[in-house]
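Have a look at the structure below before the remarks.
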Amino acid sequence: MELMAEELPYVAVVKDELLGSVCSSCFKESTQAAKQVSRCSGCKVLSYCSKACQKRDWTDHKPECISLTRMPTNYQRVPHVEARFIARIAWKRARGDEGIAYNGRKFTDLMNHREDIEKTAGRMEYFENLSLLLADYMGNDCPSRDALLDIFGKVAINAYSVDRLGRGLYIGISIHDHSCAPDMEIDFDGPKMILRALKEKGLKYNKDLRVSYINAKPPKTTEERQEELKRYFFGCTCERCQDEERCGQVSPIEVNDALGYNAEAALWHKRNDKTMNFKDVQGCRRLLAECLAVYEKCSPVLSHLNLHLAQLVRDICMLTVTADNPKIAARFATLGLEAYDYHFSKCDIEMTARYQAAALCLKLADPASLESIKLCKKTRDLAILSLGPNSPVVAGLDQDLAILSMMRNFKNNGVH
Numbered sequence: 000m001e002l003m004a005e006e007l008p009y010v011a012v013v014k015d016e017l018l019g020s021v022c023s024s025c026f027k028e029s030t031q032a033a034k035q036v037s038r039c040s041g042c043k044v045l046s047y048c049s050k051a052c053q054k055r056d057w058t059d060h061k062p063e064c065i066s067l068t069r070m071p072t073n074y075q076r077v078p079h080v081e082a083r084f085i086a087r088i089a090w091k092r093a094r095g096d097e098g099i100a101y102n103g104r105k106f107t108d109l110m111n112h113r114e115d116i117e118k119t120a121g122r123m124e125y126f127e128n129l130s131l132l133l134a135d136y137m138g139n140d141c142p143s144r145d146a147l148l149d150i151f152g153k154v155a156i157n158a159y160s161v162d163r164l165g166r167g168l169y170i171g172i173s174i175h176d177h178s179c180a181p182d183m184e185i186d187f188d189g190p191k192m193i194l195r196a197l198k199e200k201g202l203k204y205n206k207d208l209r210v211s212y213i214n215a216k217p218p219k220t221t222e223e224r225q226e227e228l229k230r231y232f233f234g235c236t237c238e239r240c241q242d243e244e245r246c247g248q249v250s251p252i253e254v255n256d257a258l259g260y261n262a263e264a265a266l267w268h269k270r271n272d273k274t275m276n277f278k279d280v281q282g283c284r285r286l287l288a289e290c291l292a293v294y295e296k297c298s299p300v301l302s303h304l305n306l307h308l309a310q311l312v313r314d315i316c317m318l319t320v321t322a323d324n325p326k327i328a329a330r331f332a333t334l335g336l337e338a339y340d341y342h343f344s345k346c347d348i349e350m351t352a353r354y355q356a357a358a359l360c361l362k363l364a365d366p367a368s369l370e371s372i373k374l375c376k377k378t379r380d381l382a383i384l385s386l387g388p389n390s391p392v393v394a395g396l397d398q399d400l401a402i403l404s405m406m407r408n409f410k411n412n413g414v415h
């Protein structure tokens, strides 16, 4: 996927439970295969993977280190991630560092939605408790209540989760508004945020391109997405939100039935997606029978573009390959692909995974067919877009193509 922009955070902090296993500078995780991190000798709270990382983070960590040293050594008394995040921003601003992003934006350019926050009782109650904690933690360095509320609002609206490792504030990238059908996807290299194009090649970077503020997986209905966006005081009016069929809903004739079947399809996939053991043939055959029953029940009512239904088809394809059932494979191999084409960009790894499942299924049903070769080629093209030309997945698909082509040649030449 084409690189659009990248940015290091104005401030980033590691989650509470990872302070002893993730470097607070480069966000490298401590594993058996990687160099172990060591606690800061001063505060004994933050960890670093090297002296270079510790030195790089020292300007931001110095006032934090002093404050943490004053706090009780009991881990439970270490200020939580939100408090440490806001404190780092406050200390940074006190040094006169407003940050200048790649597009010229500064911390002062961020929206704080103060009026909206002050009208939200739950947010204000949380802020008041946070203010007391910060006053105790930062001591005389703690800004005024007004300044803290400004930072609190800007963090609430503009901060991102850095993978599952921590929180970061990206002043430049925060200019991009949300869309449920985004132009770019967010990725991370350590604490660095990377924006990559989700559209075809040739997309030019500009401030009007959209990203998604919420995790779209598992798929959510319009109502679920709009509810999640309320935390940003944002209402989405993108094409996807206005397209009822795309959100998994069908004609108003049988709305209640449709919603029930939609939920049933979604629940089966969610319950079984992470627990399928493709080495257990008998278990896969049992799950295949269950999944087929749910599909036959839901498919007459739900739209052919319903994503939950399409995910059931993908589950059927994967289970069918293990169960070694060519008849079912022939029926379901390409079923549901239209829904994925409709919902996902060609650059999305979800598309590659779905087409891989279809290619495996069709290979089982009729490996020497021209359709099987064409599907494998399309899957390879998608893998190049989503994973890059040097991906092992692409190499594996190249091997599959060679085998399928050889089998077709044997068939055409009457070789058995």
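Numbering (numbering that gives the first Met the number 0), first residue to last: 0 to 415.
Note that beta-carbon positions come from the ideal geometry of N, C-alpha and C, so glycine has one too.
An exposed status is given to Met-110, since fewer than 16 other beta-carbon atoms sit within 10 Å of its beta-carbon. At the C-beta level, Cys-39 and Gln-53 come within 8 Å of one another. The alpha carbon of Val-161 has as its nearest neighbour, out of Ala-382, Pro-8, His-342, Asp-397, the alpha carbon of Pro-8. In terms of Cα proximity to Ser-130, the closest of Arg-83, His-112, Arg-163, Gly-165 is Arg-83. Setting aside the 5 residues that flank it on each side, Trp-90 is surrounded in the same chain by Pro-62, each with a C-beta closer than 6 Å to its C-beta; the list follows chain order. Under the DSSP assignment, Ala-196 falls in the beta strand (DSSP E) whose first and last residues are 191-196. Within the model, the alpha-carbon separation for Ala-155 versus Arg-195 is close to 24 Å.
A check of alpha carbon separations from Asn-305 across Ser-23, Met-3, Cys-316, Leu-258 identifies Leu-258 as the nearest. Going by DSSP, Leu-374 is part of the alpha helix (DSSP H) stretching over 369-386. In the DSSP assignment, Glu-184 falls within the unbroken beta strand (DSSP E) covering 183-188.
Each residue's CA atom was taken as its position, placing Tyr-341 and Phe-331 some 18 Å apart. Its Cα nearest to that of Asp-314, the residue Ala-352 stands out among Asp-182, Tyr-47, Ala-352.
Annotation: Glu-295 to Leu-133 spans about 57 Å, alpha carbon to alpha carbon. Ranking Leu-208, Ile-348, Ser-211 by CA distance to the CA of Val-393 puts Ile-348 first. The three-state secondary structure of His-177, taken from DSSP, is strand.
Ala-158: member of the beta strand (DSSP E) spanning 158-161, first to last residue. Taken atom to atom, the span from the alpha-carbon of Asp-186 to that of Leu-202 is near 18 Å.
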